[in-house]
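Here the sequence shown stands for residues 197 to 489, numbered as in this note's numbering. In this text, a Cβ means the ideal position worked out from N, Cα and C, and glycines have one as well.
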Amino acid sequence: MTVHMEDVYREYKSLLFSLAYRMTGSVTEAEDIVQDTFLALAGTDIQDIHHVKSYLCKAVTNRCLDLLKSARWKREQYVGEWLPEPMVDASGTNDPLQTVIAEESVSYGLLVLLENLSPPERAVYVLRTALDYEYSEIAAILEKTEAGCRKLFSRAGQKLKEAGYQEAVPSSDRSARLVEQLMQAISRSDAKALIGLLTNDAVFVSDGGGKVRAAIHPIFSNERITAFWMGVWPRWASRATMQICSINGQDGIAVYSEGELKMIIQIAMNEEEDHIKHVYMMVNPDKLAHLQK
Numbered sequence: 197m198t199v200h201m202e203d204v205y206r207e208y209k210s211l212l213f214s215l216a217y218r219m220t221g222s223v224t225e226a227e228d229i230v231q232d233t234f235l236a237l238a239g240t241d242i243q244d245i246h247h248v249k250s251y252l253c254k255a256v257t258n259r260c261l262d263l264l265k266s267a268r269w270k271r272e273q274y275v276g277e278w279l280p281e282p283m284v285d286a287s288g289t290n291d292p293l294q295t296v297i298a299e300e301s302v303s304y305g306l307l308v309l310l311e312n313l314s315p316p317e318r319a320v321y322v323l324r325t326a327l328d329y330e331y332s333e334i335a336a337i338l339e340k341t342e343a344g345c346r347k348l349f350s351r352a353g354q355k356l357k358e359a360g361y362q363e364a365v366p367s368s369d370r371s372a373r374l375v376e377q378l379m380q381a382i383s384r385s386d387a388k389a390l391i392g393l394l395t396n397d398a399v400f401v402s403d404g405g406g407k408v409r410a411a412i413h414p415i416f417s418n419e420r421i422t423a424f425w426m427g428v429w430p431r432w433a434s435r436a437t438m439q440i441c442s443i444n445g446q447d448g449i450a451v452y453s454e455g456e457l458k459m460i461i462q463i464a465m466n467e468e469e470d471h472i473k474h475v476y477m478m479v480n481p482d483k484l485a486h487l488q489k
């Protein structure tokens, strides 16, 4: 049976984007990797490829591994904390990329924690959990032994657990309620309400990339996080609007000023799902560029 490039593109673009985004934490880099992979495929005789899906996943994975290795130095030189690029559900648009993005639902909190893994650990973890690959398939893609891949997966799981990852899927209703209350507390500069929403040991991480003002280091404790917001938000209040939006499949907050997206806020709950354990704020304009209307 003749295989057509257009059919392969339509069938695997979403899958490959999901793989590349989980591997890199970057929408723009994931898009570039997928595009480069298809361009390389166009230069081959696709009829000679027996397992197109495995071929493409291996190509994307290798490109991601190369990128992560080269990006390590850049991230060490990065100003402040490095956070993944958020994805906002824009499925109502006619942009093909946004349609693909809308299908991606990896939680932002997990994406942040994946940064704790080495590139090989991240590759094994993503291929196993997101694409449901068998260890034999992962071994073939990474050119490692099955036993080696099992060890990498075990090590990745342990690191994520130590970093606070919870395997249970959080309640979307509880998360949505906390996000709504967080937005109200910030917009009203209600310090008492904000402290009450956060766990005592809550952590706030912001990413300005040296382009705009942001906290260079994480802020710990509900009192210090509240003090930060009470100092920052009055400068925004008169010119900003806030709205709830779907970020990586979960409710989050988008902040606009003069019609331009300036900030994305996302949360992660504690185990009891009654308070906010982590707050992530993205203000780096480079990482918001793909979300601008």
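Is the beta carbon of residue j closer than 7 Å to that of residue i?
i: PRO280; j: ILE443; result: no
i: SER417; j: ARG435; result: no
i: GLN439; j: GLY448; result: no
i: LYS254; j: LEU313; result: no
i: VAL428; j: PRO414; result: no
i: THR422; j: ASN466; result: no
i: ALA433; j: CYS441; result: no
i: PRO315; j: LEU261; result: yes
i: ILE229; j: ARG268; result: no
i: MET477; j: SER383; result: no
i: SER350; j: GLN446; result: no
I'd like the list of long-range same chain contacts for residue i, defined as Cβ closer than 6 Å, with 5 residues on each side in sequence excluded.
i: SER490; result: This structure cannot speak to residue 490, because the chain is shown only from 197 to 489.
i: ARG206; result: none
i: THR289; result: Only weak support is given to the placement of THR289: the predicted model assigns it a pLDDT of 48, under 50, and the question is left unresolved by the model.
i: VAL475; result: PHE400 and ILE463
i: LYS407; result: ASN480 and PRO481
i: GLN231; result: none
In chain order, what residues of the same chain have a beta carbon less than 8 Å from the beta carbon of residue i, not counting five sequence neighbours either side?
i: VAL223; result: TYR217, GLU281, MET283, ILE297 and HIS486
i: ALA326; result: SER214, LEU215, ARG218 and VAL302
i: ARG346; result: TYR331
i: GLN243; result: THR198 and VAL199
Taking residue i as the reference, give the member of the options with the closest Cα.
i: ALA336; options: ARG351, GLY392, VAL320 and THR325; result: VAL320
i: TYR324; options: ALA450, SER266, GLU207 and MET219; result: Tyr is not the amino acid found at residue 324; the sequence shown has Arg there. When each option's Cα is compared against that of ARG324, the closest is MET219.
i: VAL322; options: GLY353, THR341 and GLY344; result: GLY353
i: SER214; options: LYS483, LEU307, LEU264 and SER332; result: LEU307
i: ASP241; options: ALA359, GLU376, ALA364 and VAL199; result: VAL199
i: LEU263; options: GLU225, SER250 and GLN231; result: GLU225
i: LYS309; options: TRP278, ALA433 and ASP244; result: Note on identity: in this sequence residue 309 is Leu, with Lys being the wrong assignment. That would be TRP278, whose Cα lies nearest to the Cα of LEU309.
i: ARG271; options: LEU338, ALA236 and GLU311; result: GLU311
i: GLN362; options: LEU252, ARG420, LYS473 and MET459; result: LYS473
i: TYR304; options: GLU227, GLU339 and VAL365; result: VAL365
i: ILE460; options: LEU378, ALA387 and GLU419; result: LEU378
i: GLU419; options: ALA387, ILE412 and GLN243; result: ALA387
i: ASP397; options: ILE412, LEU211 and GLY360; result: GLY360
i: LEU211; options: LYS340, TYR329 and SER266; result: TYR329
i: GLU376; options: HIS471, LYS265 and LYS357; result: HIS471
i: TYR274; options: ILE412, GLY221, LYS357 and LEU338; result: ILE412
Which whole-angstrom value describes the C-beta separation of residue i and residue j, a residue pair presumed to lie in contact below a C-beta threshold of 8 Å?
i: VAL204; j: VAL248; result: 6 Å
i: LEU374; j: LEU393; result: 6 Å
i: GLU342; j: SER332; result: 6 Å
Within the same chain, show all residues whose beta-carbon is closer than 7 Å to that of residue i, passing over the 5 residues directly before and after it, in chain order.
i: ALA572; result: One cannot answer for residue 572 here, as it falls past the ends of the chain, which runs 197 to 489.
i: GLY404; result: GLY276, ALA410, VAL479 and ASN480
i: ALA381; result: ALA389, LEU390 and LEU393
i: SER385; result: MET426, TRP429 and PRO430
i: PHE234; result: TYR205
i: LEU457; result: ALA450, LEU484, LEU487 and GLN488
i: TYR208; result: LYS249 and LEU252
i: ILE245; result: TYR251
Any heavy atom of the ligand NAD closer than 6 Å to the beta-carbon of residue i?
i: GLU330; result: No copy of the ligand NAD occurs in the structure displayed, which carries no ligand at all.
Quick check for students: name the residue ranges of the alpha helix (DSSP H) that lie wholly in the segment 403 to 480, counting only runs of 4 or more. 418 to 433
Return the chain-ordered ranges of every alpha helix (DSSP H) run that is complete within the segment 300 to 371 and spans a minimum of 4 residues. 304 to 309, 315 to 325, 331 to 338 and 342 to 358
What are the uninterrupted segments assigned as alpha helix (DSSP H) that are 4 or more residues long and contained completely in the segment 233 to 276, given in chain order? 248 to 272
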